[in-house]
Amino acid sequence: MSFTFEQFEALLERQEKCFEQFQMRMMEMLTQKMNLDQKEVTVDPFKSHVDQIVNSIHEFNFDGSAGITFETWFKIYEDLFKVDLKNLDDAAKVRILLRKLGTAEHERYSNFILPKNPRDFSFDATIEIFRKSLLNSHPCLIFVINVSR
1 MSFTFEQFEA
11 LLERQEKCFE
21 QFQMRMMEML
31 TQKMNLDQKE
41 VTVDPFKSHV
51 DQIVNSIHEF
61 NFDGSAGITF
71 ETWFKIYEDL
81 FKVDLKNLDD
91 AAKVRILLRK
101 LGTAEHERYS
111 NFILPKNPRD
121 FSFDATIEIF
131 RKSLLNSHPC
141 LIFVINVSR
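Numbering-wise (full-length UniProt numbering), the sequence shown opens with residue 1 and increments by one.
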């Protein structure tokens, strides 16, 4: 079978068009795949920032004899809650605060507010409860002098 130059040229042009179409389909598929991958990897910068802030808050473990009270602990993190996390609603801030309590402290707080639940209080009300609770008191000794001696 012999081809003329024109036939060979036409055959090459058809193959070139087929190859271009194939390339276009491959590029479309790759573009779609890359877009899907980017959507999965895309991280909400606000959420990432909030996670960094929350991770920087250390757990609160009450030790009144060492002066570690809720008031002293909260002074360290107050600006984080009131400035850096100001865009969060009260319920989210309360949940973060309660997650940062030690087990015993969380139990004491939960018992202190019974029969209500933590979600029943605003952030400011929760802070006030902590400031008035057992988690904010220094132990003290009361000496009773026996005057009848």
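Each residue gets a CB set at the ideal place from its N, CA and C atoms; glycine is no exception.
For this session: Leaving out five residues on either side along the sequence, give the residues of the same chain with a beta carbon under 7 Å from the beta carbon of K86.
Result: none
For this session: Out of I127, N111, K17, V94, point me to the one whose CA is closest to V54's CA.
Result: V94
Exercise. What three-state label does DSSP hand F60 in the structure shown?
Worked result: strand
Exercise. On the premise that I129 lies in contact with F74, defined as a C-beta separation below 8 Å, what is that separation, rounded to the nearest angstrom?
Worked result: Going by Cβ atoms, the distance from F74 to I129 rounds to 12 Å, so no, they are not a contact pair.
For this session: Enumerate in chain order the residues of its own chain whose CB-to-CB distance from R131 is below 7 Å, with the five nearest sequence positions on each side excluded.
Result: F70, E71
Problem set entry | Option nearest D124 by Cα separation, candidates L114, K100, A91, K17 | A91
Problem set entry | G64 versus S133: straight-line alpha-carbon distance, rounded | Their Cα atoms are separated by approximately 12 Å.
For this session: Sort out for me which residues DSSP pairs L101 with in a bridge.
Result: The partner list for L101 (beta bridge, DSSP) reads F60.
Exercise. Beta-carbon separation of I57 and I96 under 9 Å?
Worked result: yes
For this session: Using DSSP bridges, identify the partner residues of I68.
Result: D63
Exercise. When the cut-off is 9 Å and only beta carbons count, does I129 lie next to chain D?
Worked result: Here there is only one protein chain, and chain D is not present.
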